[in-house]
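Just below is one structure, and these are the notes that go with it.
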Amino acid sequence: MSTPQSAPLLEVRHLRVEFPTRRGVLTAVDDINLTIAPGEVLGVVGESGAGKSLTGAAIIGLLEPPGRIAAGEILLNGRRIDNLSYEEMRKVRGREIGAIFQDPLTSLNPLYSIGRQIIETIMTHLPVTESEARDRAIALLNEVGIPAAEKRIDHYPHQFSGGMRQRVVISLALAAQPKLIIADEPTTALDVSIQAQIISLLKKLCREHGTAVMLVTHDMGVIAETADRVAVMYSGRIAEIGPVHDVIHNPQHPYTVGLMGSIPSIGQDVERLPQIEGAMPRLNAIPQGCAFNPRCTKVFDRCRTERPDLMDAGATRASCWLHAKNKEAVHG
Amino acid sequence: MLAFVIRRLLQSVLVMLAVAFIAFSLFNFVGDPVSLMLPPEATQQDREEVRKTLGLDQPFYVQFKVFITNALQGNFGISLRLGRPVSALLAERLPATLELAFAAALIGLFIGIPMGVYTALKRESWISRALLTTSLIGVSLPNFLIGIFLILIFAVWLGWLPSFGRGDVTQIGFWTTGLLTVTGIKALVLPSITLSFYPVTLIMRLVRSEMLEVLRTDYIKFARARGLTNRSVHFGHALKNTLVPVITITGLQLGGVIAFAIVTETVFQWPGMGLLFIQAVQFADIPVMAAYLCLIGFIFVVINLIVDMLYFVVDPRLRVERPGGGGH
Ligand SMILES: Nc1ncnc2c1ncn2[C@@H]1O[C@H](COP(=O)(O)OP(=O)(O)O)[C@@H](O)[C@H]1O
Ligand code: SF4
Ligand SMILES: [Mg+2]
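If you read the sequences in order, they're chains W and G. Just so we're aligned: 314 in our numbering is position 314 of the first sequence, and the numbers increase by one with no gaps anywhere. Just so we're aligned: 643 in our numbering is position 311 of the second sequence, and the numbers increase by one with no gaps anywhere.
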């Protein structure tokens, strides 16, 4: 697996997401830089609360107030989308960027048939007649593996099992042929036995459609099997980002090293570390310097005063002073 | 679904029996009907005779059976005050009350729902805040005060609308309607607005809170993520999901509105059942009171049944049997 070399489909530059509160501003996502190439799968991992979902929500323009993008830019095919009006951004959602959320079981409106929901999505974005949209919807349902799609299209969400509903959700995300899908823990709410099926379905469809995916998960096994590159998030920042093979087998950031130590399946050639001690800091108590420093086994003086940005580290990029060497920290 | 309908029908019969029992008890516990019917100088023998002709010497359950049998045939006896069959009196008054109540309920829906949607979508706007505050006043002011204020403004000061009565009515079969004449409609305005204050407020607050809840759900977030227009998200997806509780409450409110029409009818001298009932209470006209109770109970029960049936129309989860989930 190698990093695709084409011009990026999505580019996130110095993204910061804040929540103004009565006790001051909380910075939940800080200085995120990442790119996704056309057709590429970028895995995003990190503990709960690391800022993965907020990053995804910021990209599709669905941060819930008072949350807001406080700094940075988001570019899709070179066009800025973070400063679009609600109506302009609405046209991007579904059409250019699809989304799959954390709980697929509750993503469908219980009062409408799945067909109606797919058809309305298609007709919102594409210039087709209702019967063309219906044909397309049936084709999509076939594609995601719903048996007897011509009949099932008129059924309601509650008539489908969890796994089947997730397939419907995937068909909805793909309905208007977006070039990027943001899948936020698409299988967390599902039965373990179905998770692998759904992930491989998602992977297969996106490959066939040439759709890029930002796959948020805390399952490193899924990342290892699915992603081209992976971004490891910690405390609202990217700790390490790089080709999936390098990040898994030769992690450069002490946090990633710890994470990898906790995956049983890929443990053989990775230096085994005990579970990382401690917990991620709360948003109102992020330590000075490197946010990981209270838990880091390699911490040294500079870590407590200066915050490291992403810098080249082996085959990946990591935000860790261990890799500073003589170089200045580079943004990127 | 059939089993559900049968179960609900059986429940309704039980409720009606309970209501009938209470109504029936009025005869025994509110005054003695015999002394009410006879002049004070009547002898003990006269009393016994009347007792016999009225069937009051029979055991309690026999009397109750007779009461129910008569009631089922629409026979509630003779009004002590007016000397006419109670059923005929109620039938005359029923259209006035129903027209008033339905007008109030419609106002409740057509004003309450849009106001609820607006205050939910534009939560921060000053209009929303103003509506919410005003609506609080709306529920806390007694109904008769609102009626009197409206009369003062629109009937006394401005002279636009009549302050009492029903205007000219048209007879259509057994139904008298005020909806076909200008005076009839004018006369309906103030009482129906007065009576609608509570349902408007209730429906608005209900729609607002349900809507706010629905807007937080995953399927609304997902609908936005699919790029649906605001209109489709708000009115196609969100509003429809708020309708189930709104239907319930509006249905139950309709029953309440019919019952509460008593006050409004009294203030506006509206010739409906409520006014008849108030007058009956003043004269201890027990047959009228009992019949009114039964009728109101019956209306409540019927409305409840209709509301339950409406669920099936709105919510597919109740409508369709689960065909085994589909598997993978
Ligand atoms: N509405 C909000 N108000 C304040 N803080 C929030 C809000 N939503 C999320 N956060 C905080 O932002 C951080 C990142 O959240 P999130 O992106 O959901 O994490 P995750 O990586 O688990 O998806 C968390 O610490 C969370 O508490
Ligand atoms: S910067 Fe310092 S504290 Fe942070 S991860 Fe690197 S070594 Fe550890
Ligand atoms: Mg999350």
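Each residue gets a CB set at the ideal place from its N, CA and C atoms; glycine is no exception.
Let me know if Asp-647 of chain G comes out buried or exposed under the rule of 16 or more other beta-carbons within 10 Å of its beta-carbon.
Against the second sequence, residue 647 of chain G aligns to sequence position 315. Burial is judged here by how many other beta carbons sit within 10 angstroms of a residue's own beta carbon; Asp-647 of chain G has at least 16 and is buried.
Hey, would you say the C-beta of Gln-343 of chain G is under 7 Å away from at least one heavy atom of ligand 5?
In the structure shown, ligand 5 is absent; the only ligands present are ligand 1, ligand 2 and ligand 3.
Give the C-beta separation of Gly-583 of chain G and Ala-593 of chain G to the nearest angstrom, bearing in mind that I take them to be a contact with Cβ-Cβ under 8 Å.
In the second sequence, counting from the first residue as 1, residue 583 of chain G sits at position 251. In the second sequence, counting from the first residue as 1, residue 593 of chain G sits at position 261. Contact between Gly-583 of chain G and Ala-593 of chain G is absent: CB atoms are separated by about 16 Å, not below the 8 Å threshold.
Closer than 7 Å between the C-beta and any heavy atom of ligand 3: which residues qualify, listed along the chain?
Neighbourhood of ligand 3, defined by CB distance below 7 Å to any of its heavy atoms: W:Ser-48, W:Lys-52, W:Ser-53, W:Gln-102, W:Asp-184, W:Glu-185 and W:Val-216, in chain order.
For Tyr-450 of chain G, which residues in the same chain have their Cβ closer than 7 Å to its Cβ, ignoring the five residues on either side in sequence?
Position 118 of the second sequence, counted from the start, is the residue given in the question as residue 450 of chain G. The answer, listed in chain order, is Ser-460.
Buried or exposed for Glu-120 of chain W, please, with buried defined as at least 16 other CB atoms from any protein chain shown within 10 angstroms of its CB.
Position 120 of the first sequence, counted from the start, is the residue given in the question as residue 120 of chain W. With 16 or more other Cβ atoms within 10 Å, it is buried.
Delimiting residues of the alpha helix (DSSP H) encompassing Asn-142 of chain W
By 1-based counting over the first sequence, the position of residue 142 of chain W is 142. Counting along the chain, the alpha helix (DSSP H) containing Asn-142 of chain W begins and ends at 130 to 143.
Could you list the residues in the segment 108 to 127 of chain W with a C-beta less than 9 Å from some C-beta on chain G, going in chain order?
So the list reads Leu-108, Asn-109, Pro-110, Leu-111, Tyr-112, Ser-113, Gln-117, Glu-120, Thr-121, Thr-124 and His-125, given in the order they occur along the chain.
Would Gly-444 of chain G and Val-539 of chain G be called neighbours here (beta carbons separated by less than 8 Å)?
Stepping through the second sequence from its first residue, residue 444 of chain G is reached at position 112. Stepping through the second sequence from its first residue, residue 539 of chain G is reached at position 207. Contact flag set, yes.
To the nearest angstrom, how far is the alpha carbon of Asn-407 of chain G from that of Met-536 of chain G?
Residue 407 of chain G sits at position 75 when you count from the first residue of the second sequence. Residue 536 of chain G sits at position 204 when you count from the first residue of the second sequence. In a straight line, the C-alpha of Asn-407 of chain G is about 41 Å away from that of Met-536 of chain G.
In whole angstroms, what separates the C-alpha of His-218 of chain W from that of Val-589 of chain G?
Along the first sequence, one-based indexing puts residue 218 of chain W at 218. Along the second sequence, one-based indexing puts residue 589 of chain G at 257. Cα-Cα distance, rounded: 55 Å.
Using the three-state DSSP reduction, which class does His-245 of chain W fall into: helix, strand or coil?
Position 245 of the first sequence, counted from the first residue, corresponds to residue 245 of chain W. DSSP places His-245 of chain W in the helix class (H, G or I) of the three-state scheme.
Which bits of chain W does His-569 of chain G rub up against, with CB to CB less than 7 Å?
Taking the second sequence and counting its residues from 1, the one referred to as residue 569 of chain G is at position 237. Within 7 Å Cβ-Cβ: Asn-109.
Would you say the beta carbon of Trp-321 of chain W comes nearer than 7 Å to a heavy atom of ligand 2?
As a working note, residue 321 of chain W is residue 321 in the first sequence. Relative to the non-hydrogen atoms of ligand 2, the Cβ of Trp-321 of chain W comes within a distance shorter than 7 Å of at least one.
Any C-beta of chain G within less than 7 Å: which residues of the segment 14 to 40 of chain W qualify?
Those residues of the segment 14 to 40 of chain W that come within reach of chain G (Cβ to Cβ, closer than 7 Å) do not exist; the list is empty.
Along the beta strand (DSSP E) that carries Gly-583 of chain G, what are the first and last residues, could you check?
Residue mapping note: residue 583 of chain G aligns to position 251 of the second sequence, counting from 1. For Gly-583 of chain G, there is no enclosing beta strand (DSSP E); the enclosing alpha helix (DSSP H) covers residues 571 to 599.
If the cut is a Cβ gap below 9 Å, which residues of chain G does Phe-101 of chain W touch?
Taking the first sequence and counting its residues from 1, one reaches residue 101 of chain W at position 101. Residues of chain G whose Cβ lies closer than 9 Å to the Cβ of Phe-101 of chain W are, in chain order, Asp-550, Lys-553, Phe-554 and Ala-557.
I'd like to know if the segment 509 to 519 of chain G and the segment 624 to 639 of chain G are in contact, where contact means that at least 3 CB-CB pairs between them fall below 8 Å.
Verdict: no, contact absent.
So, does the CB of Val-270 of chain W fall closer than 8 Å to a CB anywhere in chain G?
Counted from its first residue, the first sequence places residue 270 of chain W at position 270. Reliability fails at Val-270 of chain W, whose pLDDT of 39 lies under 50, so the model's placement of it is uncertain and the value that follows must be treated cautiously. So no, Val-270 of chain W is outside the interface.
In chain order, each alpha helix (DSSP H) run of at least 4 residues that lies wholly inside the segment 397 to 480 of chain G:
Within the segment 397 to 480 of chain G, the complete alpha helix (DSSP H) runs of at least 4 residues are 418 to 453 and 458 to 472.
Is it buried or exposed, Pro-254 of chain W, if we count other Cβ atoms within 10 angstroms and call 16 or more buried?
What you label residue 254 of chain W is simply residue 254 of the first sequence in a count that begins at 1. Its Cβ being crowded by 16 or more others within 10 Å, Pro-254 of chain W is buried.
Please look up how many angstroms separate the CB atoms of Ala-148 of chain W and Ile-36 of chain W, rounded, as I've assumed it's under 8 Å.
By one-based count along the first sequence, residue 148 of chain W stands at place 148. By one-based count along the first sequence, residue 36 of chain W stands at place 36. Not really, about 36 Å apart at Cβ, beyond 8 Å.
Within 7 Å: the Cβ of Val-247 of chain W and any heavy atom of ligand 2?
The sequence position of residue 247 of chain W within the first sequence is 247, counting from 1. Incorrect: Val-247 of chain W has no Cβ contact closer than 7 Å to ligand 2.
Is any beta-carbon of chain W found at less than 8 Å from that of Ser-460 of chain G?
Taking the second sequence and counting its residues from 1, one reaches residue 460 of chain G at position 128. Against chain W, the CB of Ser-460 of chain G has no partner CB under 8 Å away; the residue lies outside that interface.
Which residues, in order along the segment 134 to 168 of chain W, keep a beta-carbon less than 7 Å from a beta-carbon of chain G?
Within the segment 134 to 168 of chain W, Tyr-156, His-158, Gln-159, Phe-160, Ser-161, Gly-163 and Met-164 place their CB atoms closer than 7 Å to a CB of chain G, listed in sequence order.
Would Ile-60 of chain W pass as an interface residue toward chain G - the criterion being a Cβ-Cβ separation below 8 Å?
Indexing the first sequence from 1 puts residue 60 of chain W at position 60. Output row for Ile-60 of chain W: interface = yes.
DSSP on Asp-269 of chain W, reduced to helix/strand/coil?
Your numbering for residue 269 of chain W matches position 269 in the first sequence. In this prediction, Asp-269 of chain W scores a pLDDT of 43, lower than 50, which makes its location untrustworthy; the coordinate-derived value is nonetheless stated afterwards. The answer is coil: DSSP assigns Asp-269 of chain W none of H, G, I, E or B.
Going by DSSP in three states, Ala-616 of chain G sits in which element: helix, strand or coil?
Residue 616 of chain G sits at position 284 when you count from the first residue of the second sequence. If DSSP states are grouped into helix, strand and coil, Ala-616 of chain G belongs with coil.
Proximity test, Cβ basis, 8 Å: Ser-564 of chain G and chain W
Residue 564 of chain G sits at position 232 when you count from the first residue of the second sequence. For Ser-564 of chain G, the nearest beta carbon of chain W is closer than 8 Å to its own beta carbon.
CB-CB under 8 Å to Arg-134 of chain W, same chain, minus the five flanking residues each way: which ones, in chain order?
Here residue 134 of chain W refers to the residue found at position 134 when the first sequence is read from its first residue. Same-chain partners within the cutoff: Gly-115, Ile-119 and Ile-153.
Excluding the 5 residues flanking Leu-586 of chain G on each side, which residues of the same chain have their C-beta closer than 6 Å to its C-beta?
Residue 586 of chain G sits at position 254 when you count from the first residue of the second sequence. Hits under 6 Å: Ala-437 and Ile-635.
With hydrogens ignored, establish whether the beta-carbon of Ala-352 of chain G is closer than 7 Å to any heavy atom of ligand 1.
Against the second sequence, residue 352 of chain G aligns to sequence position 20. It does not: the Cβ of Ala-352 of chain G is nowhere closer than 7 Å to a heavy atom of ligand 1.
Hey, quick one: how far does the alpha helix (DSSP H) through Gly-554 of chain G stretch, first residue to last?
Sequence index remark: in the second sequence, residue 554 of chain G carries index 222 (1-based). Residue identity check: residue 554 of chain G is Phe in the sequence provided, not Gly. Start and end: 550 to 557.
Under 8 Å, Cβ to Cβ, is there at least one residue of chain G near Pro-264 of chain W?
Position 264 of the first sequence, counting from 1, holds the residue named residue 264 of chain W. With a pLDDT of 49 at Pro-264 of chain W, under the threshold of 50, the predicted position of this residue should be treated as unreliable, though the coordinate-derived value follows. Chain G contact via Cβ: absent.
I'd like to know if Asn-313 of chain G contacts chain W, where contact means its C-beta is closer than 8 Å to some C-beta of that chain.
For residue 313 of chain G there is no data in the structure shown, the boundaries of chain G being 333 and 660.
Where does Tyr-234 of chain W fall in DSSP's three states?
For the purposes of this step, residue 234 of chain W is taken as the residue at position 234 of the first sequence. In the structure shown, Tyr-234 of chain W sits in a strand (DSSP, three-state: E or B).
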